[in-house]
Structures are given as structure tokens and as C-alpha cells.
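Protein chains in written order, with the numbering used here: chain D, 1 to 497; chain V, 498 to 963.
Just so you know, even glycine gets a beta-carbon here, dropped at the ideal spot from N, CA and C.
All remarks here apply to the structure that follows.
Laid out in C-alpha cells, this is it:
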């Protein structure tokens, strides 16, 4: 309109790059032209096979068809993440995308359950979570539209082949005017005065100028890290895992579980992500506690089907750049920071950065206050996720390896210590209004890893235990029988049962 | 089990705040023994003395079982649509701050973004004219919201007559078997750990409880006896004197009137049979004014002593925050009620939420003074809200904000903080298409008042005494 369109250059054609290019092309075509530079020589990490429900909002905003997306990426449905052996060997719990029961007389369900649990009744809290019961029965159906229906109190995400997501989005983005340039960036030109990035020079000698540079170059952080030298904040003292050994394998026969599984291992944990056509596996470990060869052997020994590739090692470090947006460079995804995929947060962090960029898009030129606002929002998300991840290592009684002895005794951030103690006292959760991980997530992981509240909300004390027990029993039976009517996961995916 | 449970509560303060706390605790936790020590009213306890509330009051009334119809029939409350601002030094000469939805979004684009562009182009009416509540407020009409009609999405607050409202609370707490006696604060007995072991009234009556609530007003002798951690907000909120008076009844008005001026502001609120008047300023010379000290206790909950209402947060009455915060603190205390030992990690969460909520309210008031040109220190949290809204119409959400986004935006736009640039997303919506939709919306809303009863007629129909 009255402002000329900004020339936005996206560096990197992985998941983050194509997600950013597609979103800007779809939502701000009048405000920006988009050019994406990728090099076939540089492989993509392809992280984020497992996602969070928020990805659905991204697809909807772009107007992408769910069925087409799922077919193109061989996606499966996901109702949560199952954690095995974290609290202690033999434990298993699901961190579900859904609530536990429903509040009764304004009091959260947890407290009613805690009271019955103290009497040795009431079953497991997981029995009151529709997503949990569905996952256990390997069934799936989208949530009911009626918010009063029992089968409405959950959400879902996808597990997909991340290497196919970028190409899927590429078609969408190119149809909306995104220019794709093949080439390797050999140098970055900066303005001598402002320090802003002015242009990128490719190996071919081509010089690409831009107003705004979105760094989606992954761990290399070509612009934010290399060119601008943005400082790194290291979190490896809290999250010491720094390698992953990835290995896809053939799907076992039988029903596909609608969940991602994380199983604790002697020097970290391993993921299992069932897709339509294969299973993704990987061992996330601490190189101080395990050699690459030993990790490779361990993952080969753990998989349930024919390996479909050689084990591939990824190196990383937990932490993030102090600022994700510096000068006219905005880093999205791994170029801005890394948190291990224990809670499937990688694509979520990409999405948040894109959403903030859309909200704060510098139509009339970059304002320092907008940049600060962007960075504050990104920090807020990183800090939340960091604490939540540390909880999985801290709330453990494992004593069977150096790694677990080290991580469970590591000092933790005060912010996390307070959250744990608050829950331990009477099942209260620190409240916040946005970001990730609300009460059900904390309840799932805390109780799942053995942090049981010693008290509860006093308002439940007046209930008659006999009647309360009966009411809870009816709810359990109702959930189990409603879920039993749903189709199996394969049928829901349109695959052969 | 409940060997950790609080069994008894003593409440110091027999005003609206103290009785509201007694009623709410008794409803939520009927097993508690509750005693109210009805101290003489503190003139500076604004939560107890002033008529204002927000739309959050309905939920509180539902929780204690106070029926609005009964309140209307007794003349203890009347509905209030909004505040009519006159002569505030920025924004329009007269504008209405109302509750409820304004306009409707276009896809992902918020209505205020489209409004701001149309306003800059000179083709939008005042912001409140796109809200059903604003249209009714301006026409002096009222009905209760009607689901399934264009009148479904507005909201209203209540204006209370403290002299009639308090006896209704008294009757309620008596029905709920709350013990109460008239007395004044005398002294406390401390436990070895610094908590309170017993409270003595001035005439020597001894009350023992697991939890002590100071709802006695800003002097807060009980809370002060255990901690002096008052944080002064005088540099942010410029006015610290309030005068309250009464005038004979005038024409019933669904709005309170707020009149700005040099060095302060005045209010008028019509109640059954009278009009409550007030003036808020900073003149030290006058003898009749009530002194307030804007600020709050850094930790309203210390060990087994909880300060609520003006004992916890003191604000001037702009937008009637006093009772609103008192009721909110009562609900929060019930939700987070700790064990009998009042473990610091449990009270810390209460204090964290209380602090954040009070700061948001302070910022909201400060926004008005900032726009009126007062020389105040602008908190960073407010500067961020103003910068983002002024720059691009982006509303920054902050944790524990008890005010809805619509309340903030109504004030921001009313005070003339109009976004200077169009939001990137809104640019995708054609200005002409948006303007014609807005015109259509306005035409629909403009037909409402003619079909509705006048405010006074409607209240008479609800059985309000004259």
C-alpha cells in the first residue's frame, strides 16, 4: 500500500525455512516478497518428526488440507508422548494432549482424585483422560465438536516424515510467489555503519540483496551466529545430552500406536515415532557418558524392525542465542537455539517465531521496540520449555548409571524447584496465561515421575467419599466405553486394518 | 485426611470486604469456623465505601449465592453499562468505556485494527459506537443481555449502594453461621515462628484461628504487626486525596460520569434515591478529604496473616478497582488455600499472582493519567503496552491481568492511543470493504435503542425501589 514491499530472504530450505516462507507468502503477500535460498549440497536435519497440536493451527492458517498434508508426509495421529522408565525402571506414563477429568464445583478434577487416591481408591489418574485411554487402546478419532461431550476434551498432533514436509510446503510457497534460489552462500555483506546485513553472495557469484533476512540455516546459524556473532547462552549444565543417533526402521506388523514414545536409556533416552511407512528411532545421549559407537550399537539393538539406513549421528548443544532477532536478521528454529526433542517442541518453536514475525512484521522499517518484543516472546517460550525438560531428568530415582545419577542430582533453576514443591504440597500448578505446558502437562509428568501431592484443595473434604468414589467410577466406565466405540488408528488413517 | 487443613479463620473488618470474605469462605468451605471482628469503618477503605465494581462481580456473587434480582429489588445494586468520560484531556471530548465485545473480527484480523485505519481515513465513528453496550450507554437504555440476539455479547457491571449492600451481606453471613461481633483491633499474640497465635480485640476478647485475614482497610493494623513491606506507587499514580459526597437523585443514568480537569477528576454515580459524588486530587490543603496512599503490600500473605482489599492494595477509585481486587483476592485465597502451616512455597504463589494482578490494575489507571499529561513515572510494563498498541495496534497480554483485552482496548482507543500504522495482516483486507462492513454494523446497532426500554423504566420493571 503506502509502504513498498520488503524484500525478505529466507536462508535454508528445511522445515523452518519452508514454514517461514509459506507463512509470509500466504499472510503478508502485500507486505513482503520472499526469496528462499537453499543448497542441495547441504543436507537438512529433518528434525521434528513428532509435533505438538499447535501445528494444526499453522496448517489451518495457511489453508492447507489435512488429508493432503498427511498423505504427502506419511503422517500418523499422535495423542501424546509416552515416557518409559524415567521416574524409575518399569514406569510408564503418557503426557497426553488432553485434560484429566473435568472441574467439579470450580475445583480442578485432580483434587477430587487425590482425595480418593489417598483412600486407596479412584484408580489411576490416566483412566480419566480420554486421550490416555484412546492411546492405550490404539484408537483414534478427531475430538467431538460439542464441548460438553466426553470425547471433546483432548487434542491431537501428527507424527510425520519431516524430510517430506519442506517439499510439500515448497509447492504451496512457490505457487504463492516465493522465489527459490539454489546455491551455497559463501559470504555475507554487512553495512559498515548500521551492521545490518545487506546482501548474500552465492558460490556462483550471484549477489542477493534483501531488507530482512530470516536465518533458517539450522545449527550452523549462518547469519545470526556466524555473520553477526550473536552470543550463545549455554544450557548444557542443565541439559547435558549433546548427541542423537538416528535410525529409521521398518514398521512392525499390527496396529500403529497413536503416540510418540520416549524411553530412558543408560546415557539419555530414545525416541520411537511410528509413521505410516516406517518407524523413526533415535538415541539422545550425553557424549560424556557414551561413545558414538556404543550409542549406535544400542539403537541397533533397540529397534523393532529391519533398519532402513545406517545410524546417523547429530551433534548439538542445549541453549540459545541471547537474541533471536538482531539487526535485520531473524533466526527461526535451530539457528536460534536448541532444546532436545524430549517434548517434541522443535517445530513449535519454529512456529512461534514465525507467528511473532508476522505480528511484528516491520512494514515501515525495523523498530528497536518491536525487536525487543519479539525476543522477549521467544525467551519466554524457551525458558518455559527448558524448565519442563529439566523436570524429566530431575524427578527420577534412577540409580543405575552415571548419567542418571548425574542428572537427577544436578542443581535445577529456582523457578523449577518452586513449581515442584508447590505441586508436592497440595497439587497446585503455577499459572500462566500463554505459552506451552499448562496444568495437565505438569500433572502428567509430575505424577508420572512419582511426585505425588501430599495434600489437596480443602474444598473436596466435604464430599462424601462413598458418593465421590461412585461418581469417579461412573466417569471411568463411561470414558472406557465411549473410547471403545472409536476406530483403530489404522482405520482412522484410511490404511488397512 | 486433612490433618493439614485450615479449620478456622478470623477476619478483621466488618465492611463489605470482610463480610464478602466471610461469605465466600463459608460457602466454599462449610467446615470452617469463621469469626468476623467488625471494626469501625475506615473512611479510607475505598473497597467498602464506593459503589463501583466491574463485570467480574457477577461471578463472585454466584459463588457466594447472592442473587442479582434480590439486590435490584432491595435497591442495593443497579446495573451499570460503563463510564462516560468527559473532559479528559486526550481522546474525544466525551467517550464511553463499556464492557463487552466491540465489532467483530474479519478472519484473523482484529476489529480494532480495521477501525483504526478507517478512523485515520475519517470514516469511523467513535469506538464505543461499535459495541452494543456503548450504543445502549449513549442512549441511556438497558436490558439484561439476551442470548441468541445482537444483545448477547455485551456485558455490564453493578453499581452498589454500600449502605444497602452491606446489610444484605450481613444477613447472608448470618445464614451461613459466621460468628461476628463488634470490636476494634487491640493486639496480637505471636507464635515462636512469628505467626499469629491469637488476636485480641481492643476490649480484650481473644480470638484464636488458624488463619487471620486483615480486611480492615489501608491502616491494616494486623498485617502491619507482622510485616511492614508497603511499596509506594505515588510516583506512578498522582492522586492521593478523595472526597465523597451525596446529592439528591438526578435522572437515572446507566453510566457513571468521570469528569477530568486540571489536577484531578470527579465522579458521579446514580443510585436509587441519591447520587454519589466524588473528587480525586492531590490538594493537601483541604480538611475534609480522605488521604489514600497508592501502593501495595509486597507480600499480602505472610505466614498465617492475609491482607485483602485496601489492606493489601490501595488505589484511587478510577475504574473502581478497589472492590474488584478485593473480590479477586478472596477467590484466589480460596483457590490456593494453603495447609495450616501456610508453607512459604504455597503463599508465594498467592503473592506472585496478587502482585501481578495489582500491577496490571495500576498500569491501567496510570495509562489514563499518562494520557492526561500528568507527570508520572511510566512503569516498563505499561510503556510496552502503549508502545506496541500505538505503533501497530498490537495488544500485549501479560500474566494475571484481571482486565479483559476489550477493557484495555476500550480505554486505549478512548484515550486517543490510536495505532499509527496498519497491522500487516489488516493490510490484506480492503479498506473500502472494511468500511462498508463497519457501516453495516453501525446501522444494525443504531436500530437497537429504539426497541428497548429506557434505563429507569427497565429498573422499575425489575422492582427497584424509588
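For residue 843 of chain V, the neighbours in chain D by C-beta distance under 8 Å run, in chain order, 422, 425, 426, 428.
Proximity of residue 562 of chain V to chain D, defined by a Cβ-Cβ separation below 8 Å, is not satisfied. The beta-bridge partner set that DSSP reports for residue 757 of chain V consists of V:762.
Closer than 8 Å to the CB of residue 644 of chain V there is not a single CB belonging to chain D. Spanning the alpha carbons of residue 773 of chain V and residue 630 of chain V requires a straight line of approximately 23 Å.
Assigned with DSSP and collapsed to three states, residue 653 of chain V falls in coil, not helix or strand. Here residue 745 of chain V is exposed, its C-beta having fewer than 16 other C-beta atoms within 10 Å.
Each residue's CA atom was taken as its position, placing residue 648 of chain V and residue 952 of chain V some 15 Å apart.
Looking at the DSSP output, residue 159 of chain D sits in a beta bridge with D:50, D:76.
If you check each beta-carbon in the stretch 23 to 41 of chain D against every beta-carbon of chain V, the ones closer than 8 Å belong to 27, 28, 29, 30, 31. For residue 709 of chain V, the enclosing beta strand (DSSP E) starts and ends at 708 to 711. DSSP, read as helix, strand or coil, puts residue 858 of chain V in helix. For the stretch 361 to 376 of chain D, the set of positions with a beta-carbon nearer than 8 Å to some beta-carbon of chain V reads 361, 363, 364, 367, 369, 370, 373 in chain order. Nearest neighbour of residue 384 of chain D by Cα position, chosen from D:394, D:252, D:434, D:374, turns out to be D:434. Here the alpha carbon of residue 934 of chain V sits roughly 11 Å from the alpha carbon of residue 621 of chain V. The Cβ atoms of residue 768 of chain V and residue 548 of chain V lie closer than 8 Å to each other. In the structure shown, residue 662 of chain V falls within a helical segment according to DSSP collapsed to helix, strand and coil. Within the stretch 910 to 928 of chain V, 918, 921, 922, 924, 925 place their CB atoms closer than 7 Å to a CB of chain D, listed in sequence order. Here the alpha carbon of residue 511 of chain V sits roughly 40 Å from the alpha carbon of residue 119 of chain D. Contact annotation: residue 205 of chain D and residue 335 of chain D have beta-carbon atoms that are not nearer than 8 Å. The bridge partners DSSP lists for residue 729 of chain V are V:792. Annotation for residue 238 of chain D: no alpha helix (DSSP H) segment contains it, and DSSP assigns it neither H nor E. Residue contact with chain D for residue 527 of chain V: present (Cβ-Cβ distance below 8 Å to some residue of chain D).
Chain-ordered, the chain D residues with CB closer than 8 Å to the CB of residue 836 of chain V read 425, 426, 455.
In the three-state reduction of the DSSP assignment, residue 364 of chain D falls in the coil class.
Beyond the five residues adjoining it in sequence on each side, residue 683 of chain V comes within less than 6 Å, by CB distance, of 697, 698, 699 in the same chain, given in chain order.
Rounded to whole angstroms, residue 417 of chain D and residue 284 of chain D show a C-alpha spacing of 25 Å. Residue 610 of chain V has a beta carbon lying at 8 Å or more from every beta carbon in chain D.
For residue 433 of chain D, the C-beta contacts it makes with chain V under 9 Å involve 894, 895, 896, 897, 898, in order along the chain. Residue 7 of chain D is bridged by DSSP to D:33. For residue 386 of chain D, the nearest beta carbon of chain V is not closer than 8 Å to its own beta carbon. For residue 462 of chain D, at least one C-beta of chain V is nearer than 8 Å to its own C-beta. Contact with chain V is found for residue 418 of chain D, since one of that chain's Cβ atoms lies less than 8 Å from the residue's Cβ. By the Cβ test, the stretch 171 to 184 of chain D is not in contact with the stretch 79 to 86 of chain D, since fewer than three Cβ pairs between them sit closer than 8 Å.
Counting of Cβ neighbours within 10 angstroms places residue 67 of chain D among the exposed residues, the total staying below 16. A distance of 8 Å or more separates the beta carbons of residue 782 of chain V and residue 541 of chain V.
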